[in-house]
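Numbering (the numbering used here), first residue to last: 8 to 289. Don't be surprised by glycine CBs; every beta carbon is placed ideally from N, CA and C. Fair warning: this is a prediction, and the values are worked out from it, not measured in the lab. Worksheet: one structure, shown below.
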């Protein structure tokens, strides 16, 4: 007797109930097939390789003469997703899955040009289509109830339809990060934070305010302040500069930096040339 079972089921764990077996009769060459009346009940395995929809797009591009891998990638990235397609995708992924690690759409809201927020008190002037999507999983949502701190950051290496991806989550006692959700949003920067390199400034121009990265600025100051002869004064100057970082507006920063310069250059009538040289640099 030979048993056969569904090959889609794993060797270990729960098996698919559909099965058959063959009975070879000893006295004759006759073979009897036995099959139960059950249906396939195994879990559908994850799709391996390229998704069939993506494969169809690649075949269309290939037929159009785009054959090289990098050219195919660029062509696929250039394809845009319409707001209607995005809304349909959200509707198709609203059902809560049984697998606690499978992602689903917790909530979403899509507004077209002729629509407005029901409560637009805290919403800026509408300048076109808007959408917000909250994607998570059951396990990640359960972590929220055990968290008291929230961490958030945007990654500009991972973009979707030219929008940066925003990650929100928390950290545990082992310093491991656990995300809650993903967000896609429109980037409207008001300031450029960089290391004050001329090449970066030339690229971005004067489109918005430029802020020097504090880490780069502090390293440059520490390298130059080491040339001051009086180390106690050098330490005090560095403490004053660190206090400038706490200014929460441009007006306060300019006023505080002016007072700091007066303190060390004018009011004390500084004669130490090393200190004067430092503030010329600063």
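From the DSSP output, read off the bridge partner residues of residue i.
i, result
"residue 185", "177"
"residue 101", "DSSP output for residue 101 lists no bridge partner at all."
"residue 158", "176"
"residue 30", "39"
"residue 190", "173"
Less than 8 Å between the beta carbons of residue i and residue j, yes or no?
i, j, result
"residue 9", "residue 29", "yes"
"residue 5", "residue 284", "In the structure displayed, the chain extends from 8 to 289; residue 5 sits before or after that span and is not available."
"residue 113", "residue 138", "no"
"residue 245", "residue 263", "no"
"residue 107", "residue 145", "yes"
"residue 282", "residue 240", "yes"
"residue 148", "residue 186", "no"
"residue 286", "residue 272", "yes"
"residue 27", "residue 42", "yes"
"residue 57", "residue 79", "no"
"residue 288", "residue 231", "yes"
"residue 103", "residue 111", "yes"
"residue 97", "residue 115", "yes"
Looking at the structure shown, is residue i part of a helix, part of a strand, or coil, going by DSSP?
i, result
"residue 235", "coil"
"residue 139", "strand"
"residue 251", "helix"
"residue 119", "coil"
"residue 147", "helix"
"residue 290", "The question about residue 290 has no answer here: the residues shown for the chain are numbered 8 through 289."
"residue 114", "strand"
"residue 35", "coil"
"residue 42", "strand"
"residue 272", "helix"
"residue 94", "helix"
"residue 109", "coil"
"residue 81", "helix"
"residue 224", "helix"
For the beta strand (DSSP E) containing residue i, list its first residue and its last residue.
i, result
"residue 219", "216-219"
"residue 11", "9-12"
What first and last residue would you give for the alpha helix (DSSP H) that runs through residue i?
i, result
"residue 281", "280-288"
"residue 268", "257-268"
"residue 5", "Residue 5 lies beyond the stretch modelled for the chain, which goes from 8 to 289, so this question has no answer here."
"residue 73", "Premise fails: residue 73 is in no alpha helix (DSSP H) and is neither H nor E."
### Query
Can we say the segment 92-100 touches the segment 74-83, given the rule of at least three CB pairs closer than 8 Å?
no
#### Entry: Three CB pairs or more closer than 8 Å across the segment 171-183 and the segment 147-158
yes
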